[in-house]
Amino acid sequence: MRRRALLLAGLSLPLLGASGLELLRNRRAKFEEVGDGVLMTAAMPELLPTRDGDAMASLESAFATTLVFEIVVYRAGHSVAVDQRSRVVKIQYNPWKERYVVTTSDPGRAPQIRYYTDRDEAIARATTLDRVRVARVSALQRGPEAVYFATVVGQRNPIDRDLLAPQSGDEWDRGQGRDLSVFSRWVGIFVRATQSAEQTFAIKTVPGFYLVSS
Amino acid sequence: MSPRGPSDDDAPRPGPPPADTPPGDRAAADPSRSGPRDDLPGTSRPPPASRDRAEPSPTRPTTDPRSKPEPSRPPVGGKREPSRPLARPAGRPPSTVTPAARPESSAHPRADKSATDAPQRPFASFARFSAPDSRPSDLSRIRMTRIGQRIVAAPRVPWWGRLESRVITALVCLGILCVGASAYLVALTVQYFEGIVGSATQKSDDAVALSLPFYDGYVKARKETYRARLEAMARELELAAARGELAADDPAGLRELLHEHLRREPDLVELSAGGPHHALAERRALLPEDEGARIWVMSGPVPLNMFPATGPIDQAGLSAIFALDPALDRDYQSLGMIKRGLDYVTVDGNVVDRGELERAVYRAIGAASALVLMVAFIAGFLLARATTRKLSMLSDAMLRVAGGDLLARVPELGNDELGQLGAAFNGMLDELASAQRKLSYLQRVGAWQEMARRIAHEIKNPLTPIQLAAQQLREKDPGTDENFSRLLRSSVEIVEDEIESLRRMVTSFSRFAKVPEAQLEPTVVARILGEFERAYGHLTERESDVLEVIPAPPSLVILGDRQLLKQCLVNLVENAVLSQRQRGPVHVRVVARPAEGEPGFVELRVDDNGPGIEPERRERVFEPYESTRKEGTGLGLAIVKKVVLDHNGEVRVEDSELGGAAVVIRLPLHEPGG
Chain A
1 MRRRALLLAG LSLPLLGASG LELLRNRRAK FEEVGDGVLM TAAMPELLPT RDGDAMASLE
61 SAFATTLVFE IVVYRAGHSV AVDQRSRVVK IQYNPWKERY VVTTSDPGRA PQIRYYTDRD
121 EAIARATTLD RVRVARVSAL QRGPEAVYFA TVVGQRNPID RDLLAPQSGD EWDRGQGRDL
181 SVFSRWVGIF VRATQSAEQT FAIKTVPGFY LVSS
Chain B
1 MSPRGPSDDD APRPGPPPAD TPPGDRAAAD PSRSGPRDDL PGTSRPPPAS RDRAEPSPTR
61 PTTDPRSKPE PSRPPVGGKR EPSRPLARPA GRPPSTVTPA ARPESSAHPR ADKSATDAPQ
121 RPFASFARFS APDSRPSDLS RIRMTRIGQR IVAAPRVPWW GRLESRVITA LVCLGILCVG
181 ASAYLVALTV QYFEGIVGSA TQKSDDAVAL SLPFYDGYVK ARKETYRARL EAMARELELA
241 AARGELAADD PAGLRELLHE HLRREPDLVE LSAGGPHHAL AERRALLPED EGARIWVMSG
301 PVPLNMFPAT GPIDQAGLSA IFALDPALDR DYQSLGMIKR GLDYVTVDGN VVDRGELERA
361 VYRAIGAASA LVLMVAFIAG FLLARATTRK LSMLSDAMLR VAGGDLLARV PELGNDELGQ
421 LGAAFNGMLD ELASAQRKLS YLQRVGAWQE MARRIAHEIK NPLTPIQLAA QQLREKDPGT
481 DENFSRLLRS SVEIVEDEIE SLRRMVTSFS RFAKVPEAQL EPTVVARILG EFERAYGHLT
541 ERESDVLEVI PAPPSLVILG DRQLLKQCLV NLVENAVLSQ RQRGPVHVRV VARPAEGEPG
601 FVELRVDDNG PGIEPERRER VFEPYESTRK EGTGLGLAIV KKVVLDHNGE VRVEDSELGG
661 AAVVIRLPLH EPGG
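Which chain is which? The protein sequence lines are A and B, in order. With the UniProt record's numbering applied, the first sequence corresponds to residues 1 to 214, in that order. With the UniProt record's numbering applied, the second sequence corresponds to residues 1 to 674, in that order.
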């Protein structure tokens, strides 16, 4: 009996660990059907919290802070994405004009620039997906049986590899450099956590939405 | 050569003497039971060790206080046993040791005693271990340990106590120590350089942090500069109005002055005067604002007081827009990107922070060390096992030898030191077996010599009275009866012939019994052959018989007894003549030459054209009393072999080029100072 309990406990530990490592946070969102598009409004203030001293210092130092959102719409119970969009928001303090500039870029559309003299307003504007077109209505099914939800993965200041110190070069292709290259690959095997941005935050819209039948 | 009769084998393996060996020879055949025979003339054997087991001879009672008579075994038929001076002692239990595995020393009566009473001689104690001789696998479970002068059996040591395990453990520990030390040094190195890099990174961060206020100060200073320039332009406008160059109701003139400033200031985009007389001058080439190409910086308004008397324009102001080169801002943004990248590195295509990289390096070094350790363990295990297996095989062979199995040999162990040790050990055992064979043979010959001496002594004494009696019978014949006289003469002749035959046999026995010990001295082989040829040049009385003595090189010098070696040649040649004389012409060749392929040895070779000797009999012909001829005593070749062994040599029989047999005597050359 005790052995069985231990076995069950051992088998359930990975499941408990997996559940604890849920990366998507549930977040309420507002969906609107406008024309052929579904617009979503959701806020992700965790991506650039005002309590993050380093982030605020960087922002007030006139360094541009870039927020990248990857928006994917799924139908509930399915793992294939229905639609996928991206948005890039850039927030920067302009010391010459003493105002915050929020530039929103959507693929295929001209950037939208807004100016704010208040930092928190600028941050709220930058971290909020306001009426973002996330899917085409024609690609969705109507009716309550077809429930959809969206996942948003936001990244603050994605790391540009071009700006990192290069680790491979001509000197790594011969002689001892080849050994260094092999050693680098060997070390790479044991890297457990990789970084792609300063901050990553992901949400899942809960509850989902469905298109009302006409 | 003379064909010989059967004899006991001459194999290196000790065993019981043959059935046709005289009883005393059985005891004498045992090398361990050899003892001094001080009753033999000219013998100088080691101190006695076995005289107590020999029956006291009635004709030569022993004086050894250790010897005791055996009253429980009276002579058969109440007669004495003069021909059994070295007979097996009575009451000795039969040996349970197989002859092939047990040396003859096991026949020693003291070997039958308990282990604590074992004789303290090299091979006498081996007799106690009979089982391991024929069952080598049992030796893997026991270990022979020498305690003082005794060898006792002990349980085999456990695996962790064996040399192989210890060596492997030592190698593994050494490998762990080396790899651990290396890993620790690498970890220290990583920490050291990580500290250096971290310090450099921190300095870079600090430098970037220090540069931020400078940019802010630059922005403020630039703004102040713009404002100062704008104020200077306002003052110029005021001066122009004061000099009357600008009328209060002349907005075109004001606009012209503003354009004049616009032309003088290349980075000025727009200059406007506010108030009742509004005027604007702008540079169309810099319109509109494009933050990618230029940055507009607005300055003002600054007070503009041109016409204080007129009133309305007094409250006017002058403002301007300056165009700023965005290169500085782009560089500043690049600085920010670099600042963000200071804490990250790229490893195998992945971006990781430096802390994770350090941990990954530790994990990689640990895994590499584990791999190296595993490889070192396997290599060390194989290497140590290869070496210790040789030691184990060597040890097992030595234990088997120590247990009495003199036939045990070390397998081929390679060409390293252990292999050489094994080969040397095998060579030592071969030499030991050879010496044992030699000793056994000499003891057998010695026993035969003793028997021959006693027989000669016992027979020779009554011969003369018998001969005298026979002569008296012939002389006292009255001659009255012709028939009786004829019968008497015939009988006396028969008796005298037999007496003569016995006398010759006695003489032969005496010669065999009185073979002296070799007196070794440097001797030139050529001289031996020369003296032999002079003394024995006439082979026979027949002209057809040929003795061919080939002169030897004068450089061949041996350590030998010249007379005995000549006697050997005489015996060999006589044997050859006797074996061929009845068949036809005799051809004997005597030659001495260096041994082929064996530097340091010389071969004395006697070839004949006789019937030869079958290969299976070539070892037995050297046994005493082995002869196929009626008139032969079988002692000639035995004397030859004894003399040769006394010279530390060897003798063998081969096929001869002359068609018969060839007796080859191999003797070591004398090395002066060697």
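Think of the CB as a built atom: it goes at the ideal place given N, C-alpha and C, for glycine as much as any other residue.
Can you tell me the Cα-Cα spacing of residue i and residue j, whole angstroms?
| i | j | result |
| --- | --- | --- |
| residue 448(B) | residue 513(B) | 8 Å |
| residue 116(A) | residue 102(A) | 8 Å |
| residue 132(B) | residue 389(B) | Its pLDDT being 39, under 50, residue 132(B) is placed unreliably by the model, and nothing is read from it. |
| residue 678(B) | residue 66(A) | This structure gives no information on residue 678(B), because the portion of chain B shown stretches from 1 to 674. |
| residue 648(B) | residue 568(B) | 15 Å |
| residue 120(A) | residue 347(B) | 37 Å |
| residue 138(A) | residue 51(A) | 42 Å |
| residue 660(B) | residue 611(B) | 5 Å |
| residue 280(B) | residue 262(B) | 10 Å |
| residue 406(B) | residue 452(B) | 33 Å |
| residue 213(A) | residue 36(A) | 14 Å |
| residue 379(B) | residue 188(A) | 28 Å |
| residue 113(A) | residue 350(B) | 34 Å |
| residue 602(B) | residue 460(B) | 40 Å |
| residue 192(B) | residue 363(B) | 17 Å |
| residue 89(A) | residue 334(B) | 18 Å |
Can the beta-carbon of residue i be found less than 8 Å from the beta-carbon of residue j?
| i | j | result |
| --- | --- | --- |
| residue 669(B) | residue 556(B) | yes |
| residue 566(B) | residue 441(B) | no |
| residue 83(A) | residue 135(A) | yes |
| residue 300(B) | residue 317(B) | yes |
| residue 607(B) | residue 657(B) | yes |
| residue 486(B) | residue 528(B) | no |
| residue 179(B) | residue 395(B) | no |
| residue 123(A) | residue 71(A) | no |
| residue 675(B) | residue 228(B) | For chain B, the structure presents residues 1 to 674; residue 675(B) sits outside this window and is missing. |
| residue 237(B) | residue 212(B) | no |
| residue 144(A) | residue 93(A) | no |
| residue 58(A) | residue 336(B) | yes |
| residue 411(B) | residue 393(B) | yes |
| residue 226(B) | residue 332(B) | no |
Would DSSP call residue i helix, strand or coil?
| i | result |
| --- | --- |
| residue 587(B) | strand |
| residue 186(B) | helix |
| residue 191(B) | helix |
| residue 74(A) | strand |
| residue 32(A) | strand |
| residue 40(A) | strand |
| residue 87(B) | Since pLDDT at residue 87(B) reaches only 35, below the 50 mark, its modelled position is unreliable, and no value is offered. |
| residue 65(A) | strand |
| residue 24(A) | strand |
| residue 206(A) | coil |
| residue 615(B) | helix |
| residue 194(A) | coil |
| residue 494(B) | helix |
| residue 648(B) | coil |
| residue 218(B) | helix |
For the region 179-213 of chain A, which residues have a CB atom closer than 8 Å to at least one CB atom of chain B, in sequence order? Cβ proximity to chain B below 8 Å picks out 183, 184, 185, 186, 187, 188, 189, 190, 191, 192, 193, 194, 195, 196 and 198 from the region 179-213 of chain A.
Inspect the CB distances between the region 584-592 of chain B and the region 544-551 of chain B and report whether three or more fall short of 8 Å. Three or more beta-carbon pairs drawn from the region 584-592 of chain B and the region 544-551 of chain B are found closer than 8 Å, and the two stretches are therefore classed as touching.
Report yes or no: do the region 141-157 of chain A and the region 35-53 of chain A share at least 3 C-beta pairs separated by less than 8 Å? Segments in contact, yes.
Using a Cβ cut-off of 8 Å, which residues of the region 49-68 of chain A contact any Cβ in chain B, in chain order? For the region 49-68 of chain A, residues whose beta-carbon sits nearer than 8 Å to a beta-carbon of chain B comprise 58, 61, 62, 63 and 64.
Three-pair Cβ contact test at 8 Å for the region 397-410 of chain B versus the region 356-376 of chain B: Because the criterion of three Cβ pairs below 8 Å is not met, the region 397-410 of chain B and the region 356-376 of chain B do not touch.
Please determine if the region 23-43 of chain A and the region 194-210 of chain A are in contact, where contact requires at least 3 C-beta pairs separated by less than 8 Å. The region 23-43 of chain A is in contact with the region 194-210 of chain A.
Residues of the region 328-341 of chain B in Cβ contact with chain A at a cutoff of 9 Å, in chain order, please. Residues 329, 332, 333, 334, 335, 336, 337, 338, 339, 340 and 341.
Cβ contact check for the region 491-508 of chain B and the region 423-436 of chain B: 3 or more pairs under 8 Å: In short, these stretches do not touch, since the Cβ pair count stays below three.
The region 92-110 of chain A: which residues have C-beta closer than 9 Å to a C-beta of chain B, in chain order? The residues in question are 92, 94, 95, 96, 97 and 101.
Please confirm if the region 318-325 of chain B is in contact with the region 259-269 of chain B, defined as three or more CB-CB distances below 8 Å between the two stretches. Output reads yes: the region 259-269 of chain B touches the region 318-325 of chain B.
Positions along the region 352-364 of chain B whose CB lies within less than 9 Å of some CB in chain A: Closer than 9 Å at the C-beta level to chain A, one finds these residues of the region 352-364 of chain B: 352, 353, 356, 357, 359, 360, 361, 362, 363 and 364.
For the region 489-499 of chain B against the region 464-481 of chain B, do three or more pairs of beta-carbon atoms, one drawn from each stretch, fall closer than 8 Å, so that the two count as touching? These segments touch.
Contact residues within the region 293-306 of chain B, judged by C-beta distance below 7 Å to chain A: Of all residues in the region 293-306 of chain B, 295 and 297 have a Cβ within less than 7 Å of some Cβ in chain A.
So if I threshold CB-CB distances at 7 Å, which residues from the region 194-213 of chain B count as touching chain A? Answer set for the region 194-213 of chain B: 212.
Does the structure place the region 216-228 of chain B close enough to the region 192-207 of chain B that three or more beta carbon pairs sit under 8 Å? No: the two stretches stay apart, fewer than three of their Cβ pairs being nearer than 8 Å.
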